[in-house]
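Below is one structure, written out as structure tokens, with a few remarks after it.
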Amino acid sequence: MGKQANPVVTSTKSYNTAQFNKILAKIKSYCQMDYIYGIHLDYLRYPGTAYKYQYSNGVSGEKAITIFTSKARDFVDKYNSKIILSAAVIPETSSNAK
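For the sequence shown, the working numbering gives the first residue as 53, with consecutive numbering after it.
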């Protein structure tokens with residue numbers, strides 16, 4: 053198992069765009085491989101703690117996941133729209149289960 057990356061830089065209260073770009077570069081390279089038919093984003097979540105990352109500048113843990121996933125979708129659509137993009141997600145709390 054790899055090291056988990058926080059999609060929010062807590063010291064600057066900003067999104068971890070460096071990490072986003074690192075993963076997006078990998079997605080782009082996978083999209084250009086003829087034998088890749090799908091990309092799965094595994095463990096794309098905070099394990100029950102995204103609510104702890106809510107800053108007054110609008111940056112939040114939930115938004116970080118949403119922004120990254122949207123960018124990943126855009127990359128797949130741009131570089132190989134035939135690739136299936138999927139993700140393992142989990143609701144933040146029981147109130148979000150639906």
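Every residue gets a Cβ at the ideal spot worked out from N, C-alpha and C, and that includes glycine.
Under the three-state DSSP convention, the category residue i falls into
i	result
residue 132	coil
residue 71	helix
residue 112	strand
residue 150	Note that residue 150 has pLDDT 45, beneath the 50 cutoff, so the model's placement of it is unreliable and no number is given.
residue 66	strand
residue 53	For residue 53, the predicted structure reports a pLDDT of 47, less than 50, and the residue's modelled location is therefore unreliable. A value from the coordinates is still provided. Coil.
Residues sharing a beta bridge with residue i, DSSP
i	result
residue 139	93
residue 106	112
Integer-rounded CB distance, given that residue j should sit under 8 Å from residue i
i	j	result
residue 83	residue 120	Not really, about 16 Å apart at Cβ, beyond 8 Å.
residue 135	residue 75	About 15 Å separates the two Cβ atoms, so there is no contact after all.
Residue-level contact to chain C via CB, residue i, 8 Å cutoff
i	result
residue 102	This model lacks chain C altogether, as it is built from one protein chain only.
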